[in-house]
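Enquirer: In my numbering, the protein residues as written are 1 to 249. A virtual CB, placed ideally from N, CA and C, is assigned to each residue, including glycine. Next up is a structure, given as structure tokens.
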Amino acid sequence: MSRARIIIAMLIALLLLAGAAAAGAEVYVNKEKPEDWEERPILRITALSFTQNDAFVLECGGHVMILDGGSVLRARDLKYYLQKNGLGHVDIIFNSHPHDDHIEAVYSAIRSDVLTADVFVSPFPADYKVTDDLQRKMVKLLEEKGIPFRQMLPGEELTLGDAWMELYRAEKGDANAMSGVLRIHFGDATILMTGDISGEAQKNILAQVGAEKLKSDILKCPHHGVKRMVPAFLEAVDPQFAIITSRKD
Numbered sequence: 001m002s003r004a005r006i007i008i009a010m011l012i013a014l015l016l017l018a019g020a021a022a023a024g025a026e027v028y029v030n031k032e033k034p035e036d037w038e039e040r041p042i043l044r045i046t047a048l049s050f051t052q053n054d055a056f057v058l059e060c061g062g063h064v065m066i067l068d069g070g071s072v073l074r075a076r077d078l079k080y081y082l083q084k085n086g087l088g089h090v091d092i093i094f095n096s097h098p099h100d101d102h103i104e105a106v107y108s109a110i111r112s113d114v115l116t117a118d119v120f121v122s123p124f125p126a127d128y129k130v131t132d133d134l135q136r137k138m139v140k141l142l143e144e145k146g147i148p149f150r151q152m153l154p155g156e157e158l159t160l161g162d163a164w165m166e167l168y169r170a171e172k173g174d175a176n177a178m179s180g181v182l183r184i185h186f187g188d189a190t191i192l193m194t195g196d197i198s199g200e201a202q203k204n205i206l207a208q209v210g211a212e213k214l215k216s217d218i219l220k221c222p223h224h225g226v227k228r229m230v231p232a233f234l235e236a237v238d239p240q241f242a243i244i245t246s247r248k249d
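Now the structure itself:
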């Protein structure tokens, strides 16, 4: 699907990205859109403004995926968003890594029956040991609620409507470093969602997959943008637009 458009809705910005058959994708930020814009298929990504938390909702062709979800302090906000937008059931919940600022709000929404899903996907095994044992707590809750758990391995793919995504992951490190990195494809457009990967993880992934497989139109900066990126990794991604899930300061 080469004639595509991606909408990213944020608190203060609306970013539009369209794929063209031959010329690759172009990002539209505060400039005139093509005349046939409304006729194009859509991948919509909502970046919830949770500050120092990652929480995204992807919608494509009637299918919905939640990518991370924020800490317990954002649980009420996430539930409100899901209920307001009729998203009590989604196709996929993907958790990049089981740290509180990426998983707790989703845990709360599932526990209170505000959210269900066809499948919960993680790059970590079900028994992965991490701070506060959040992975095992989530897996136990999923079993209670009848939601299947699936570990996704590097090189495997997920589909969401006409979008598809591949997983990259560093070979070693802590939960941050080994966050699942999703490269999302929609038409000729690509987005790289990097979780909280460290500088060493950026080097590791670059060595694994090569610069060509990192090139993306949109980048979600690693670890909320609070640390400098490895220059070679940033140069390989070469984004037209970047998302930082933190305050300006």
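Tell me the rounded alpha-carbon separation between residue 59 and residue 42.
Expert: Here the question's residue 59 lines up with position 59 in the sequence shown. Here the question's residue 42 lines up with position 42 in the sequence shown. Distance between the alpha carbons of residue 59 and residue 42: 8 Å.
Enquirer: I need the DSSP call for residue 253, collapsed to helix, strand or coil.
Expert: For the chain, the structure presents residues 1 to 249; residue 253 sits outside this window and is missing.
Enquirer: What does the alpha-carbon distance come out to for the pair residue 204 and residue 35?
Expert: Residue 204 sits at position 204 when you count from the first residue of the sequence shown. Residue 35 sits at position 35 when you count from the first residue of the sequence shown. Going from the Cα of residue 204 to the Cα of residue 35 covers about 42 Å.
Enquirer: Please state if the CB of residue 96 and the CB of residue 118 are separated by a distance shorter than 7 Å.
Expert: The residue you call residue 118 lines up with position 118 of the sequence shown. The residue you call residue 96 lines up with position 96 of the sequence shown. In this structure, residue 96 does not lie closer than 7 Å to residue 118 by Cβ.
Enquirer: Are at least three pairs of beta-carbons, each pair with one atom in the region 209-225 and one in the region 134-145, less than 8 Å apart?
Expert: Segments in contact, no.
Enquirer: For residue 121 versus residue 79, is the C-beta distance shorter than 7 Å?
Expert: In the sequence shown, the residue the question calls residue 121 occupies position 121. In the sequence shown, the residue the question calls residue 79 occupies position 79. No, they are not a contact pair.
Enquirer: Is the separation between the beta-carbon of residue 71 and that of residue 85 shorter than 7 Å?
Expert: Within the sequence shown, residue 71 is the residue found at index 71, counting from 1. Within the sequence shown, residue 85 is the residue found at index 85, counting from 1. In this structure, residue 85 does not lie closer than 7 Å to residue 71 by Cβ.
Enquirer: Using the Cβ count rule (16 or more neighbours within 10 Å means buried), how would you classify residue 228?
Expert: Within the sequence shown, the letter at position 228 stands for residue 228. Residue 228 is exposed by the Cβ-count criterion.
Enquirer: Among 103, 65 and 144, which one has its Cα closest to the Cα of residue 87?
Expert: In the sequence shown, counting from the first residue as 1, residue 87 sits at position 87. Of the candidates 103, 65 and 144, the one whose C-alpha sits nearest the C-alpha of residue 87 is 65.
Enquirer: Do residue 154 and residue 167 have their C-beta atoms within less than 7 Å of each other?
Expert: Stepping through the sequence shown from its first residue, residue 154 is reached at position 154. Stepping through the sequence shown from its first residue, residue 167 is reached at position 167. For residue 154 and residue 167, yes; Cβs fall inside 7 Å.
Enquirer: Between the alpha carbons of residue 249 and residue 51, how many angstroms are there, rounded?
Expert: Reading the sequence shown from its first residue, position 249 is the one you call residue 249. Reading the sequence shown from its first residue, position 51 is the one you call residue 51. Going by the C-alpha atoms only, they are around 11 Å apart.
Enquirer: What do you get for residue 179, buried or exposed, if any count of 16 or more other CB atoms within 10 angstroms of its CB means buried?
Expert: Translated into the one-based positions of the sequence shown, residue 179 becomes position 179. Answer is buried; the Cβ neighbour count reaches 16.
Enquirer: Nearest to residue 207 by alpha carbon, out of 232, 107 and 191?
Expert: Translated into the one-based positions of the sequence shown, residue 207 becomes position 207. Out of 232, 107 and 191, 232 has the C-alpha closest to the C-alpha of residue 207.
Enquirer: On the DSSP bridge assignment, give the partners of residue 168 in chain order.
Expert: As a working note, residue 168 is residue 168 in the sequence shown. Looking at the DSSP assignment, residue 168 forms a beta bridge with 181.
Enquirer: Using only CA atoms, which one of 105, 93, 176 and 63 lies nearest to residue 199?
Expert: Looking up residue 199 in the sequence shown gives position 199. Cα-wise, what sits closest to residue 199 is 176.
Enquirer: Just the Cα atoms here: how many angstroms apart are residue 24 and residue 145?
Expert: Locating residue 24 in the sequence shown gives position 24, where the first residue counts as 1. Locating residue 145 in the sequence shown gives position 145, where the first residue counts as 1. Here residue 24 scores only 48 on pLDDT, less than 50, and its place in the model is too uncertain to base an answer on.
Enquirer: Grab the span of the beta strand (DSSP E) containing residue 151 for me, first residue to last.
Expert: In the sequence shown, the residue the question calls residue 151 occupies position 151. Where residue 151 is concerned, the enclosing beta strand (DSSP E) stretches over 149-151.
Enquirer: I'd like the span of the beta strand (DSSP E) that includes residue 68, first residue to last.
Expert: In the sequence shown, the residue the question calls residue 68 occupies position 68. Start and end: 63-68.
Enquirer: If I follow the unbroken alpha helix (DSSP H) through residue 205, where does it start and stop?
Expert: Translated into positions along the sequence shown, residue 205 becomes position 205. 199-209 is the span of the alpha helix (DSSP H), which, as asked, contains residue 205.
Enquirer: Specify the secondary structure class of residue 106 as computed by DSSP and reduced to three states.
Expert: Here residue 106 refers to the residue found at position 106 when the sequence shown is read from its first residue. Helix.
Enquirer: Excluding the 5 residues preceding and the 5 following residue 194 in the sequence, name in chain order all residues of the same chain whose CB lies nearer than 6 Å to its CB.
Expert: As a first step, residue 194 is located in the sequence shown; it is residue number 194 there, counting from the start. Excluding residues within five positions, the ones whose Cβ falls inside 6 Å are 181, 220 and 222.
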